[in-house]
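Reviewing the structure listed below.
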Amino acid sequence: MAVVFAFVRGMTFPIFSIIYGKMFKTLTAGDKQQKLHGATMNGIWFTLLGVSSGISTLISGFLLGKAGESLTRRLRLSLFTNIVQQDGEYFDRADHATGRLTTRLSTDAPNIRAAIDQRFADVAAAVSSIIAGISIAFSYGPKMAPIGILTAVALISLQTAIAHFLKRQGQKDAVKAEEFSRLATEAIEQHRTVQSLTREKFFVDKFISRISGPHKRSIYRGIIESLTYALSVSFVCFNFAIAYSYGIWLIRRRSCSPYTVFQVIEALNTTSMSLTAFATYFPEYVRARLSAALLFQMLRQKPKIDSISTYGKMNTLQGAIRFQHLHFSYPIIRKNAVLNGINLKIPAGKTVALVGPSGCGKSTTIQLIERFYDPIAGKVLFDEKDARELNLRHLRSQISVVGQEPILFNYSIRENIAYGMEKASDSEIQEAAKLANAHDFIVKLPKGYDTVVGERGSMLSGGQKQRVAIARAVIRNPKILLLDEATSALDTESEKIVQEALERARKGRTCVMIAHRLSSIQNADLIIVIKDGMIEEQGTHQQLLASGGLYAGLVSKQDLN
Numbered sequence: 007m008a009v010v011f012a013f014v015r016g017m018t019f020p021i022f023s024i025i026y027g028k029m030f031k032t033l034t035a036g037d038k039q040q041k042l043h044g045a046t047m048n049g050i051w052f053t054l055l056g057v058s059s060g061i062s063t064l065i066s067g068f069l070l071g072k073a074g075e076s077l078t079r080r081l082r083l084s085l086f087t088n089i090v091q092q093d094g095e096y097f098d099r100a101d102h103a104t105g106r107l108t109t110r111l112s113t114d115a116p117n118i119r120a121a122i123d124q125r126f127a128d129v130a131a132a133v134s135s136i137i138a139g140i141s142i143a144f145s146y147g148p149k150m151a152p153i154g155i156l157t158a159v160a161l162i163s164l165q166t167a168i169a170h171f172l173k174r175q176g177q178k179d180a181v182k183a184e185e186f187s188r189l190a191t192e193a194i195e196q197h198r199t200v201q202s203l204t205r206e207k208f209f210v211d212k213f214i215s216r217i218s219g220p221h222k223r224s225i226y227r228g229i230i231e232s233l234t235y236a237l238s239v240s241f242v243c244f245n246f247a248i249a250y251s252y253g254i255w256l257i258r259r260r261s262c263s264p265y266t267v268f269q270v271i272e273a274l275n276t277t278s279m280s281l282t283a284f285a286t287y288f289p290e291y292v293r294a295r296l297s298a299a300l301l302f303q304m305l306r307q308k309p310k311i312d313s314i315s316t317y318g319k320m321n322t323l324q325g326a327i328r329f330q331h332l333h334f335s336y337p338i339i340r341k342n343a344v345l346n347g348i349n350l351k352i353p354a355g356k357t358v359a360l361v362g363p364s365g366c367g368k369s370t371t372i373q374l375i376e377r378f379y380d381p382i383a384g385k386v387l388f389d390e391k392d393a394r395e396l397n398l399r400h401l402r403s404q405i406s407v408v409g410q411e412p413i414l415f416n417y418s419i420r421e422n423i424a425y426g427m428e429k430a431s432d433s434e435i436q437e438a439a440k441l442a443n444a445h446d447f448i449v450k451l452p453k454g455y456d457t458v459v460g461e462r463g464s465m466l467s468g469g470q471k472q473r474v475a476i477a478r479a480v481i482r483n484p485k486i487l488l489l490d491e492a493t494s495a496l497d498t499e500s501e502k503i504v505q506e507a508l509e510r511a512r513k514g515r516t517c518v519m520i521a522h523r524l525s526s527i528q529n530a531d532l533i534i535v536i537k538d539g540m541i542e543e544q545g546t547h548q549q550l551l552a553s554g555g556l557y558a559g560l561v562s563k564q565d566l567n
């Protein structure tokens with residue numbers, strides 16, 4: 007509908023040429039009564055054209071603006087939904103770094119929108135104006151009309167060539183934009199590290215080097231765009247001069263009347279002016295086309311493990327976990343095996359600790375339990391059911407994780423805890439906080455549970471952040487609790503408080519612990535020692551000490567008894 011009104015708007019200008027010719031004829035008429043009548047009718051026609059042009063411009067602009075905003079929203083929503091449901095392999099890839107993904111979200115949809123707002127209406131109006139103008143020229147002066155076609159072909163050919171050039175430049179800039187966005191994201195997110203290393207100037211210089219190429223190309227591109235527009239404007243005058251000269255020659259040869267010449271000149275003039283709309287639109291079109299290609303390329307990437315899929319059984323877990331002949335390596339480095347044929351059984355309600363040298367595969371087991379990845383061979387079983395047969399969303403709702411670096415969102419403490427369970431009540435939030443030894447320090451804060459924790463929880467201490475993370479983990483009452491170095495980054499006092507919270511949190515649940523501080527796992531029901539992706543030994547703390555193996559060596563290094 008918007009395009010229809012844009013077409014109506016575009017046709018008003020060529021129609022003006024018909025009235026313009028009649029106005030010229032009226033002014034040269036000898037009869038005063040005829041002049042008065044002609045002037046009155048021409049005035050009425052001009053008024054009607056003005057009203058129709060205004061109304062059609064208003065409606066087409068509003069409808070296209072609304073359509074553009076709606077499209078931007080849908081594209082961003084589709085892209086964001088596609089990103090958050092991707093699996094671990096997707097985020098491991100360098101071309102899916104945070105900076106690149108946020109660039110796609112923030113720039114691509116608006117670039118597409120810019121190509122379908124009022125400027126698209128201008129182009130649609132220009133198309134109808136060109137068609138109507140050339141048609142009128144052929145109807146009233148077929149001998150002069152070819153001038154308009156030749157001008158249109160020449161100008162459109164020039165603009166098409168420029169569009170191809172701009173597309174190539176835009177593709178280069180898109181890659182560079184992703185690179186400096188990634189650099190900026192990393193430097194800002196890790197600003198404390200950057201400052202502590204006194205590397206501010208290094209990152210600024212690096213950022214300058216990343217943006218210098220796009221900056222130079224942008225200046226060059228601006229010159230080309232300005233030159234294109236200048237040539238388009240010049241073509242209007244050039245076309246008018248040729249049409250006028252040719253028209254005078256036809257009048258002298260008595261092949262055409264002055265009335266017809268002026269009518270056709272005006273029709274061709276509106277055609278030439280309409281062609282300049284393409285010159286201003288082509289850069290937007292090129293950017294939109296490039297953004298659309300990048301965006302739809304991302305939308306076509308379907309996750310191998312869909313986190314929001316409705317597929318699978320929704321069994322209530324008892325909490326038993328088993329790794330059956332499990333082999334795994336990360337997709338981006340398949341040649342480096344992380345786990346080699348592991349067979350591991352974790353009974354429901356028991357606490358199992360995983361220990362071993364760095365890089366032996368401990369954290370990988372956590373990610374496989376959460377099903378961020380699927381094994382290359384073998385199975386991960388929950389209550390003897392293959393994880394791939396279970397509904398993933400339902401499975402993850404029964405698992406909670408507390409990591410070494412607690413991830414908090416820049417919202418209130420109440421909201422951060424409530425994220426662990428849908429529709430959590432205030433009483434449930436407070437009970438979870440009490441279980442996590444967090445309630446006492448929270449109520450002492452000026453705004454209590456409504457205290458905003460800051461970016462990545464920067465307003466809280468390490469121990470406080472960890473306790474909020476534990477509260478978020480236990481509020482959903484999970485069947486399985488995963489602890490990945492949950493106390494390793496804390497001081498002694500904070501570790502003691504957090505350890506007490508973890509002891510309470512794991513009661514009645516299956517708990518899988520990873521720890522380098524072996525003092526925190528001595529009471530585990532089973533300790534499994536992993537080396538080079540295989541189980542080296544397993545047993546209780548006392549049994550492993552007595553065997554004098556790898557675990558006993560690790561204990562002796564930490565001076566534990």
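Note that the working numbering has the sequence shown beginning at 7, numbered continuously upward.
Where a beta carbon is used, it is the ideal one built from N, C-alpha and C, also for glycine.
Item, Value
"Cα-Cα separation between Gly318 and Ser58, rounded to whole angstroms", "59 Å"
"Sequence-distant residues of the same chain with beta carbon closer than 6 Å to Ser297, five excluded per side", "Asp114, Asn117 and Ile118"
"Under the three-state DSSP convention, the category Ser261 falls into", "coil"
"Cβ contact (3+ pairs, closer than 8 Å) linking the region 292-308 and the region 323-340", "no"
"Inter-residue spacing [alpha-carbon to alpha-carbon] between His333 and Val292", "47 Å"
"Residues sharing a beta bridge with Leu488, DSSP", "Val407 and Val518"
"Sheet register partners of Gln330 (DSSP bridge)", "Lys385"
"Contact the region 87-95 vs the region 65-72: 3+ CB pairs below 8 Å", "no"
"Neighbour-count burial assignment, Phe126, 16 or more Cβ in a 10 Å radius", "buried"
"Contact set for Arg510: own chain, Cβ-Cβ below 6 Å, skip 5 residues either direction", "Leu441"
"Thr357, enclosing beta strand (DSSP E) - first and last residue", "Thr357 to Val361"
"Proximity below 8 Å, CB of Arg482 to CB of Asn422", "no"
"Proximity of Gln404 and Lys485 at Cβ, strictly below 8 Å", "yes"
"Straight-line gap, Cys517 to Ala359 (C-alpha atoms, nearest Å)", "8 Å"
"Secondary structure of Ser418, DSSP reduced to three states", "strand"
"Counterpart residues of Lys537 in DSSP-defined beta bridges", "Met540"
"Spatial distance of Glu506 from Tyr455 (CA atoms)", "22 Å"
"Collapsed DSSP secondary structure at Gly588 in the structure displayed", "Residue 588 lies beyond the residue range present for the chain, which begins at 7 and ends at 567; the question has no answer from this structure."
"Where Asn567 falls, given that 16 or more other Cβ within 10 Å makes a residue buried", "In this prediction, Asn567 scores a pLDDT of 49, lower than 50, which makes its location untrustworthy; the coordinate-derived value is nonetheless stated afterwards. With fewer than 16 Cβ atoms within 10 Å of its Cβ, Asn567 is classed as exposed."
"CB of Lys212 within 8 Å of CB of Leu189, strictly", "yes"
"8 Å Cβ cutoff met for Asp538 and Cys366", "yes"
"C-alpha gap between Arg216 and Val210, whole angstroms", "10 Å"
"Assigned exposure category for Val361 - 16 Cβ within 10 Å defines buried", "buried"
"Opposing strand residues paired with Asp392 [DSSP bridges]", "Leu387"
"Sequence-distant residues of the same chain with beta carbon closer than 8 Å to Met465, five excluded per side", "Thr457, Val458 and Val459"
"Burial state of Cys243, where buried means 16 or more other Cβ atoms lie within 10 Å", "exposed"
"The alpha helix (DSSP H) enclosing Asn117, as first and last residue numbers", "Ala115 to Ala120"
"Per-residue burial, Ile25 [other beta carbons within 10 Å of its own, 16 or more giving buried]", "buried"
"CB of Ser373 within 8 Å of CB of Asn349, strictly", "At residue 373 the sequence reads Gln, which differs from the Ser that was named. No."
"Contact set for Ile137: own chain, Cβ-Cβ below 6 Å, skip 5 residues either direction", "none"
"Separation of Ile476 from Gln436, as counted between CA atoms", "12 Å"
"Rounded straight-line distance, which links the Cα of Ala552 to that of Ile536", "18 Å"
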